[in-house]
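*Asks:* So the sequences go chain by chain: W and L. Under our numbering, residues 1 to 405 are what the first sequence spells out, in order. Under our numbering, residues 1 to 281 are what the second sequence spells out, in order. Every residue gets a Cβ at the ideal spot worked out from N, C-alpha and C, and that includes glycine. Following this message is one structure expressed as structure tokens.
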Amino acid sequence: MEPQQREPLPKSGRKTILQGNEACARAAVYAGCRFFAGYPITPSTEIIEVMSSEMVNAGGTFIQMEDEIASACAIVGARWGGKRSMTATSGPGFTLMQETIGFAAVTETPVVIVNVQRGGPSTGQPTMSSQQDIYQVRYGSHGDYEMIALAPSSVQEMYDFTIRAFELSEKFRTPVVLLADEIVGHMREKVIVYDGERQIRGGHRNYVVSPQDDFFTGSNSLVEGQFHDDMGRRIGHLADKSGSFLASLESKIQNHIDEISDVDTFFMEDADIAILAYGSVARPALQAVRSAKGIREEAGAKGRFVGNLRKVLPWKKPDVNPYSHLNVGMIKVNSVWPFPDKEIQRLAKNCKYVFVPEMNVGKYVREVDRCLKHSKVISLRKLGGDLHTPTEILAAIAKEVEQHE
Amino acid sequence: MNRLMERYLRLDALPTLFCPGCGNGIVQQAFVTAVDKLGIRDDIACVSGIGCSSWVPCYLDLDVMHTTHGRALAFAQGLKLARPDKKIAVFTGDGDCLAIGGNHFLHACKRNIDLAVIMINNHIYGMTGGQKSPATPQGAATKTSPWGAYDEPIEGADLAICMGATYVARWTTAHPVQLEKSIEAAIKHKGFSFIEVIAQCPTQSGKSVYGDKDPAFIMKKLKENSVIYKEGDHVPAGKIKCGVLHHDNDKTEYIERMETQLRLYAESKAPKTSGEGEQAK
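Structure follows, in structure tokens:
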């Protein structure tokens, strides 16, 4: 098995200001994406707009398809034609793509799908943010399959995680979803970008269940949605073979979870209360931690997650900090799926409380609760499309802690 | 086994899942013959959807993508755009192409993208056990239209012509030689080609559509009922209009159009020479 290795991004890049969606599109070009098919949908439309010109500039191909179903199908088709490919969508469009995501998982097609989340269900809140698709991204298509999903919290992470999504999809030969949301999609921030094209290595044979080569390479590949053996022969009617096929599709991701896991920590060294956040909610969550500690300067910020950290505290005089008694830190989950069980258990082992702020009815918190046996796991949900404020998070934590002590 | 088929089939995948007397084998052989005559075995890939028709390419030793129900054309367009230098054949059925894949079909026709589409029309959902399809004739009793179908059937070939496909033909399995020539022409044609093949499904649509499940009887009936169409001919009602129904070599193919458009745009943005600049003043 290959040792864990992640090629670092180049040290020198260009500083610029980009919108999250634009950053995602530019990162895709840098990662070697040369085929984009899409259908316009708020709030992801800027990605298809930028890609319509960027693909041509980069010598790739762009097509606007008749719907999201066709867009997802076209990128899978193009990938077998040897072109690294991506599509981007939101809410209802992501629902339409689920059929093809299942097909890509079974046929082991490396493609990247960007979901800039909006409020749902149905048309819901096209212009507002949410994290309601956290389960759809994992379980959206029918049947059992594994999914890799990355949740960016800043424009820089929109850029970096897009590149990472292409690397992971090629390495494990699987669809990877960039689970962004309206807030990171539409915000503008300073970002470091790179010129040229990144070299991404193709799938390591050890990870591949049914290796089929790209078309027109003389391999006579059979790419099959029905279960198949390593020769592409159908085994869907054979219980034992189908069972082991499904199991290896699962283990190819689960056995390499250490390579996929990406979790950042902030002030967790001696914290006994953790805020576990992902996506745009990690921004107010980190601000809450810093406020409780009375930190004004940008301490604690890390590379890609510098963000526009506010240098002011929510209260005017630092000496009246009402939350200084909370010994709080933050766990920021970047690779939301597969769920990094071991990593989170290790990081939260000394935490009495783990708070999970989410812009949904409280979904990811169930996974955290299942994983952490010794901490009290509490959901801080917020519905309606607005981000939590740092003081909301702190007030909820203080109230909960007070009740128990 | 036929020597030619032996060279093109994935022998370890046999036997096929087709019923005895199925029309799909005739289409399969016509396709293989056409590919062999054109000598493009390494330069053609097949894409198919779901249904009996979509299993036809899965037994062929070529690059094959057997995709989801109705979406073959969407996958095929992605593949074609990634490899414009290669030929793509799409196998689909009446349900796959005209019902669940209807929208993709309309848009692919209009784009006139270079694909050779073979729609095997057996007038029924055969794989699921004989339910009404968009091509089931009015009045035919099926598992989901036990009192006779109410819906007026959709004519795939007419729809393709109306939506801008540039090579459209219809044959039945009783015309294997003509079918093979048409497939050859469709692959060679640069643009969206659509061939509808009326095929017998003795198991599922034999009784309901033709009154008998004997494949020889159905094929005889297909032959008797078809009229080979030449431009301007009048085809009496109730007859199957066979032949090349539409062939337009003038309409530009999608990828060529895309390239022309990009070139024109680049030229319009290029700095003008001084002479032209003066003229403009």
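How many whole angstroms separate the CB atoms of Arg34 of chain W and Arg84 of chain W, which I take to be in contact at a CB cut-off of 8 angstroms?
*Replies:* Sure, about 6 angstroms apart at Cβ, within 8 angstroms.
*Asks:* Does Met163 of chain L come within less than 7 angstroms of chain W when only Cβ atoms are used?
*Replies:* It does not; no Cβ of chain W falls within 7 angstroms.
*Asks:* Where does the unbroken alpha helix (DSSP H) through Glu231 of chain L begin, and where does it stop?
*Replies:* Looking at the DSSP string, Glu231 of chain L is not in any alpha helix (DSSP H), and its letter there is neither H nor E.
*Asks:* Sorted by chain position, which residues of the same chain lie with C-beta nearer than 8 angstroms to Gln138 of chain L's C-beta, five sequence neighbours on each side aside?
*Replies:* Excluding positions up to five away in sequence, the list reads Gly148, Ala149, Tyr150, Asp151, Glu152 and Pro153.
*Asks:* Taking just the CA atoms, how far does Arg290 of chain W sit from Glu269 of chain W?
*Replies:* Distance between the alpha carbons of Glu269 of chain W and Arg290 of chain W is about 14 angstroms.
*Asks:* Cβ of Ser242 of chain W within 7 angstroms of Cβ of Phe227 of chain W?
*Replies:* Cβ atoms of Ser242 of chain W and Phe227 of chain W: closer than 7 angstroms.
*Asks:* At a Cβ threshold of 7 angstroms, is Val223 of chain W touching chain L?
*Replies:* For Val223 of chain W, the answer is yes, since a Cβ of chain L falls inside 7 angstroms of its Cβ.
*Asks:* Measuring straight from C-alpha to C-alpha, what distance separates Gln136 of chain W and Gly124 of chain W?
*Replies:* Roughly 16 angstroms between the two C-alpha positions.
*Asks:* Among W:Asn57, W:Leu387, W:Gln19 and W:Leu96, which one has its Cα closest to the Cα of Ile41 of chain W?
*Replies:* Among W:Asn57, W:Leu387, W:Gln19 and W:Leu96, the Cα nearest to that of Ile41 of chain W belongs to W:Leu96.
*Asks:* So if I threshold CB-CB distances at 8 angstroms, which residues from the segment 35–65 of chain W count as touching chain L?
*Replies:* The residues in question are Phe35, Ala37, Val56, Thr61, Ile63 and Met65.
*Asks:* Counting only C-beta atoms, is Cys33 of chain W closer than 7 angstroms to chain L at any point?
*Replies:* With 7 angstroms as the cut-off, Cys33 of chain W does not count as an interface residue toward chain L.
*Asks:* Against chain W, which members of the segment 60–93 of chain L pass a CB distance test of less than 7 angstroms?
*Replies:* Listed by position along the chain: Asp61, Leu62, Asp63, Val64, Met65, His66, Thr67, Thr68, Arg71, Ala74, Phe75, Ala76, Gln77, Gly78, Leu79, Leu81, Ala82, Arg83 and Lys86.
*Asks:* For the candidate residues L:Lys86, L:Arg41 and L:His69, whose alpha-carbon lies nearest to that of His292 of chain L?
*Replies:* An answer regarding residue 292 of chain L cannot be provided, because it is not within the stretch 1 to 281 covered by chain L.
*Asks:* Check whether the segment 361–368 of chain W and the segment 257–264 of chain W touch, using three or more Cβ-Cβ pairs below 8 angstroms as the test.
*Replies:* No, the segment 361–368 of chain W is not in contact with the segment 257–264 of chain W.
*Asks:* Can you name, in chain order, every residue of its own chain whose Cβ lies under 8 angstroms from the Cβ of Phe339 of chain W, other than the five neighbours on each side?
*Replies:* If we look at Phe339 of chain W and ignore the five residues flanking it on each side, its Cβ neighbours are Glu367 and Cys371.
*Asks:* Taking only the alpha-carbon atoms, compute the straight-line gap between Ile295 of chain W and Asn350 of chain W and give it to the nearest angstrom.
*Replies:* Ile295 of chain W and Asn350 of chain W: Cα-Cα distance of roughly 23 angstroms.
*Asks:* Can you give me the C-alpha to C-alpha distance between Ala186 of chain L and Cys97 of chain L, rounded to a whole angstrom?
*Replies:* Each residue's Cα considered, the two are about 18 angstroms apart.
*Asks:* Could you tell me which chain W residues have their CB closer than 9 angstroms to the CB of Leu262 of chain L, listed as they occur along the chain?
*Replies:* Ordered by position in chain W, the residues that pass the 9 angstroms Cβ test against Leu262 of chain L are Val56.
*Asks:* Suppose the cutoff is 7 angstroms on Cβ atoms and the five residues either side in sequence are ignored; what does the same chain contact list for Gln279 of chain L look like?
*Replies:* In this predicted model, Gln279 of chain L has a pLDDT of only 48, less than 50, meaning its place in the structure is not dependable enough to derive any value.
*Asks:* Measure how close the beta-carbons of Ala141 of chain L and Ser208 of chain L come, nearest whole angstrom, since I'm counting them as under 8 angstroms.
*Replies:* Correct: roughly 5 angstroms between the Cβ atoms.
*Asks:* Quick one: is Asn24 of chain L near chain W, going by C-beta distance under 7 angstroms?
*Replies:* It does not: the Cβ of Asn24 of chain L has no partner Cβ on chain W nearer than 7 angstroms.
*Asks:* Apart from the five residues on each side of it in sequence, which residues of its chain come closer than 7 angstroms, Cβ to Cβ, to Val35 of chain L?
*Replies:* So the qualifying residues of the chain are Arg41 and Ile44.
*Asks:* Determine the direct distance from the alpha carbon of Pro271 of chain L to that of Gly277 of chain L, and round the result to whole angstroms.
*Replies:* A caution first: Gly277 of chain L carries a pLDDT of 46, below 50, which makes its placement in the model too unreliable to give a value.
*Asks:* Does chain W have any CB closer than 7 angstroms to the CB of His303 of chain L?
*Replies:* Because chain L spans 1 through 281 in this model, residue 303 of chain L falls outside it and cannot be assessed.
*Asks:* Looking at chain W, which residues of the segment 105–116 of chain L have a Cβ within less than 7 angstroms of any of its Cβ atoms?
*Replies:* Within the segment 105–116 of chain L, the residues whose Cβ lies closer than 7 angstroms to some Cβ of chain W are His107, listed in chain order.
*Asks:* Taking 6 angstroms as the limit between beta carbons, can you name the residues of its chain near Ile195 of chain L, skipping five residues before and five after?
*Replies:* Cβ within range, chain order: Ile118, Ala169, Ser182 and Ala186.
*Asks:* Mind reading off the beta-carbon distance from Gly91 of chain W to Gln64 of chain W? Whole number of angstroms is fine, and I expect it under 8 angstroms.
*Replies:* At roughly 19 angstroms, the Cβ-Cβ gap does not stay under 8 angstroms, so Gly91 of chain W and Gln64 of chain W are not in contact.
*Asks:* Give me the chain W residues within the contact set of Ala270 of chain L, using Cβ-Cβ distance strictly less than 9 angstroms, ordered along the chain.
*Replies:* What Ala270 of chain L touches in chain W: nothing, since even the nearest Cβ is about 15 angstroms away.
*Asks:* With H, G and I counted as helix, E and B as strand and the rest as coil, what does DSSP make of Val64 of chain L?
*Replies:* If DSSP states are grouped into helix, strand and coil, Val64 of chain L belongs with the strands.
*Asks:* When the Cα atoms are used, what is the spatial distance from Phe192 of chain L to Met5 of chain L?
*Replies:* Roughly 27 angstroms between the two C-alpha positions.
*Asks:* Between which residues of its own chain and Gly129 of chain L is the CB-CB distance below 8 angstroms, once the five residues before and five after are set aside?
*Replies:* Counting only Cβ-Cβ distances below 8 angstroms, and skipping sequence neighbours, we find Lys143 and Gln204.
*Asks:* Using Cβ-Cβ distances below 9 angstroms, what residues of the segment 133–167 of chain W are close to chain L?
*Replies:* Correct list: empty, as no residue qualifies.
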